[in-house]
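Undergrad: Residue numbers (UniProt numbering): 1 to 265.
Questions regarding the structure given below will be posed in turn.
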């Protein structure tokens, strides 16, 4: 198990390509390790007022589980994901649902094609929130709605603190703040509806299990392969883990998530 250090991307590899490759590699194991991700998605799905005639796009559809559950509630739902491996996995699991490879920052759909855009735990990997929100607005019908769950700054605070206390480089990607996402939403001319920031937590038996879980859902820290932590580094991080987040039950890792609903005028 290794955690690579973030370094500048080579010119031939874009940020989006690196994200796509990482999540493609994670596709087969994703559902097994994505317990918190499913909890977050369920919160978003269950807290939204779906209509029988809704036509829905799920951005960052992954293995298709959320798209499938949404499809049970509406007229139609389809998914889009940047990772070809995820598209293949979703298509094999749910052959009756359409899944398209595409970037949230340049959606491969017509203007006004969907009455609802859904996305859970995907948009934090986009480098340009304003561009994503502009695309969401473009593909929504007038009066269309968006329901989003986005991991924001403050997530993985315990791991960041442990790396710092152990004297190790911070290998975790920076995340946009909830306030910045809300400001970008309003700047995109989408009307801001109900929103809240929620902290979710997962517990792991040890540092290896914690880092393995992050890696197996494609959310490993850096975009490029750089220097790698050793077993001794892992032990140092475990020893430096904040006492308030360490107990007999294991090590706690938190996810700060912005739940927000938007509407196109």
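Positions of the beta carbon are idealized from the N, C-alpha and C atoms, including for glycine.
Have a look at the DSSP bridge pairing and note the partners of residue 77.
TA: Residue pairing by DSSP places residue 77 opposite 56 in a beta bridge.
Undergrad: Using 8 Å as the Cβ pair cut-off and three pairs as the minimum, do the region 126-143 and the region 107-118 touch?
TA: yes
Undergrad: May I ask you to report which of helix, strand or coil DSSP gives residue 259?
TA: The answer is strand: DSSP assigns residue 259 an E or B state.
Undergrad: Going by beta-carbon coordinates alone, are residue 198 and residue 124 separated by less than 8 Å?
TA: Against a cut-off of 8 Å, the Cβ pair of residue 124 and residue 198 comes out as no contact.
Undergrad: Taking the alpha-carbon of residue 63 as reference, which of 265, 135, 35, 92 has the nearest alpha-carbon?
TA: Nearest C-alpha to residue 63 among 265, 135, 35, 92: 92.
Undergrad: Identify the residues that DSSP records as bridge partners of residue 160: which are they?
TA: Bridge partners of residue 160: none, in fact.
Undergrad: Using three-state DSSP, classify residue 125 as helix, strand or coil.
TA: Correct three-state label for residue 125: helix.
Undergrad: Select from 74, 75, 102, 96 the residue whose C-alpha is nearest the C-alpha of residue 86.
TA: 102
Undergrad: To the nearest angstrom, how far is the alpha carbon of residue 230 from that of residue 133?
TA: 40 Å
Undergrad: With a threshold of 16 other CB atoms inside 10 Å of the CB of residue 237, please say whether the residue is buried or exposed.
TA: buried
Undergrad: Measure the C-alpha to C-alpha separation of residue 239 and residue 172 and round it to an integer number of angstroms.
TA: 19 Å
Undergrad: Taking the continuous alpha helix (DSSP H) assigned at residue 233, which residues delimit it?
TA: 231-240
Undergrad: Among residues of its own chain, excluding the 5 on either side of residue 75, which ones have a beta-carbon nearer than 8 Å to its beta-carbon?
TA: So the list reads 52, 53, 54, 55, once near-sequence residues are dropped.
Undergrad: For the region 148-217, which segments carrying the alpha helix (DSSP H) assignment without a break, of at least 4 residues, lie completely within its bounds, in sequence order?
TA: 157-165, 178-187, 207-216
Undergrad: Please report the straight-line C-alpha distance between residue 162 and residue 77, rounded to a whole angstrom.
TA: 41 Å
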